[in-house]
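Quick note, the sequences are listed as chains S and B, same order. Here the working numbering is used: position 58 in the first sequence is 58, and no number is missing along the way. Here the working numbering is used: position 88 in the second sequence is 88, and no number is missing along the way. All C-beta atoms in this analysis are idealised placements derived from N, C-alpha and C, irrespective of residue type, glycine included. Notes to accompany the following structure.
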Amino acid sequence: DGGITQSPKYLFRKEGQNVTLSCEQNLNHDAMYWYRQDPGQGLRLIYYSQIVNDFQKGDIAEGYSVSREKKESFPLTVTSAQKNPTAFYLCATMTGDGYTFGSGTRLTVV
Amino acid sequence: AQSVAQPEDQVNVAEGNPLTVKCTYSVSGNPYLFWYVQYPNRGLQFLLKYITGDNLVKGSYGFEAEFNKSQTSFHLKKPSALVSDSALYFCAVRERDYKLSFGAGTTVTVRA
């Protein structure tokens with residue numbers, strides 16, 4: 001979807017396990033975002049980064065961590081502290097007035 | 001308080017009829033407003049945006065939206081709906097730090 005690659009498409013996590021979701025972009029955009037989607041709740045912001053080596057918590061950051069070591073990459077780690085991680089996760093980038101979304105990763109706890 | 005509200009969880013229309021998906025916002029100043037569409041297990045696709053200028057904004061796939069400042073609304077419209085328009089639609093507003101806040105989404109079903 002528009003130069004943003006999210007992988008894997010589907011991910012299964014066991015209880016107490018950390019997992020990392022990948023987001024890579026070739027759009028040369030500075031700002032990157034992670035959203036969580038649950039049915040009936042829209043999209044909620046987890047973390048965002050406006051520049052390399054800097055990131056801020058969004059509305060629901062507890063139980064998640066991120067890094068931004070390269071402009072192209074913004075991986076999201078779902079830690080064992082996240083008690084209800086089953087959801088659809090979307091990565092996005094922004095430049096000017098426009099936002100572009102990846103195709104998402106569906107995480108399921110088994 | 002939620003910045004964006006979509007008052008209808010579902011909208012059902014017959015093919016060929018007009019389609020309206022409602023959105024109201026509650027940010028101060030001049031809002032940057034967006035509409036996105038999502039098909040099952042896919043990311044969000046951009047439909048249109050309002051930044052400034054004409055209150056009627058035209059977007060992708062024949063959609064348009066009307067910005068109404070006095071009613072703080074940004075309703076999405078399509079004059080003649082298609083079965084392929086059946087999807088989940090999100091309204092969003094840009095907050096400070098360039099973050100997007102989304103409504104809860106409206107599921108549109110267009111019956112043949």
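The CB of F101 (chain S) comes closer than 7 Å to the CB of G43 and L44 in chain B, given here in chain order. The DSSP-derived three-state label of S101 (chain B) is strand. Of the residues assessed, F90 (chain B) falls on the buried side of the cut-off, its CB having 16 or more other CB atoms within 10 angstroms. Take L11 (chain S), set aside five residues on each side of it, and the residues of its chain with a beta-carbon closer than 8 Å to its own are V19, L21, T105, R106, L107 and T108, in chain order. L90 (chain S) and L43 (chain S) do touch by the CB rule: their CB atoms are close to 7 Å apart, below 8 Å. Among the bridge pairs identified by DSSP, S49 (chain S) is matched with S:M32. Taking CB atoms only, I4 (chain S) has a neighbour in chain B less than 9 Å away.
At a cut-off of 9 Å between C-beta atoms, G29 (chain B) does not count as an interface residue with respect to chain S. Within chain B, the residues placing a beta-carbon under 8 Å from that of R106 (chain S) are N41, ordered along the chain.
CA-to-CA, the gap between A81 (chain B) and L88 (chain B) works out to about 14 Å. Not flagged as an interface residue toward chain S: A14 (chain B), since no C-beta distance is shorter than 9 Å. DSSP places S73 (chain B) in the strand class (E or B) of the three-state scheme.
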